[in-house]
């Protein structure tokens, strides 16, 4: 077994679930008498939908409850939680992300689930690339830091270099 990256091992979960689930294993088990049992899942974000999927895999009947309404969503609810991809115009095929900005390459477990559902990944555009954005202003506690590239920020504040490396 390869050593998992730091991103895969969180304080609450010192176990590489990506490797475990990647082997086709189920995340949990249920007793025989609970086959088809209804199980409430609160929230239709990434974690809730993953829980519902894994409950289906072990033979339960998940019922997902989501508070956020969306007239275009299934049952009038919005799926995705902090992941919120939308078309701003029905006439335009472009999709924008209104929720989370990006997922790191080290998010192995997330990538396994997206692969299982044939979801497509789009490379993240590097906003610090000069051809896209010749200059960036980063506001930290009301102080503006101007940079032409990410490394320009390092000498301006001690935390910038530490955070990026």
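In UniProt numbering, the protein residues as written are 1 to 165. Glycine included, C-beta positions come from ideal geometry on N, C-alpha and C. Quick caveat, the model's predicted, so the values are computed rather than measured.
Euclidean distance between Cα positions of residue i and residue j
i: residue 28; j: residue 17; result: 12 angstroms
i: residue 110; j: residue 24; result: 15 angstroms
i: residue 118; j: residue 112; result: 10 angstroms
i: residue 91; j: residue 84; result: 19 angstroms
i: residue 141; j: residue 38; result: 48 angstroms
i: residue 159; j: residue 50; result: 35 angstroms
i: residue 58; j: residue 22; result: 16 angstroms
i: residue 41; j: residue 139; result: 38 angstroms
i: residue 137; j: residue 20; result: 42 angstroms
i: residue 53; j: residue 157; result: 44 angstroms
i: residue 63; j: residue 116; result: 21 angstroms
i: residue 31; j: residue 60; result: 10 angstroms
i: residue 35; j: residue 56; result: 10 angstroms
i: residue 86; j: residue 26; result: 31 angstroms
One or two residues paired with residue i in a DSSP bridge
i: residue 86; result: 96
i: residue 65; result: 42
i: residue 80; result: 45
Secondary structure of residue i, DSSP reduced to three states
i: residue 27; result: coil
i: residue 43; result: coil
i: residue 115; result: helix
i: residue 57; result: helix
i: residue 103; result: coil
i: residue 109; result: helix
i: residue 35; result: coil
i: residue 50; result: helix
i: residue 152; result: helix
i: residue 161; result: helix
For residue i, the first and last residue of its enclosing beta strand (DSSP E)
i: residue 144; result: 143-147
i: residue 136; result: 136-140
Continuous alpha helix (DSSP H) stretch holding residue i: start and end
i: residue 18; result: 17-22
* Is it true that the segment 80-94 meets the segment 41-52, where meeting means three or more beta-carbon pairs spaced less than 8 angstroms apart? -> yes
* Do the segment 88-100 and the segment 60-69 meet, that is, are 3 or more Cβ pairs less than 8 angstroms apart? -> No contact exists between the segment 88-100 and the segment 60-69.
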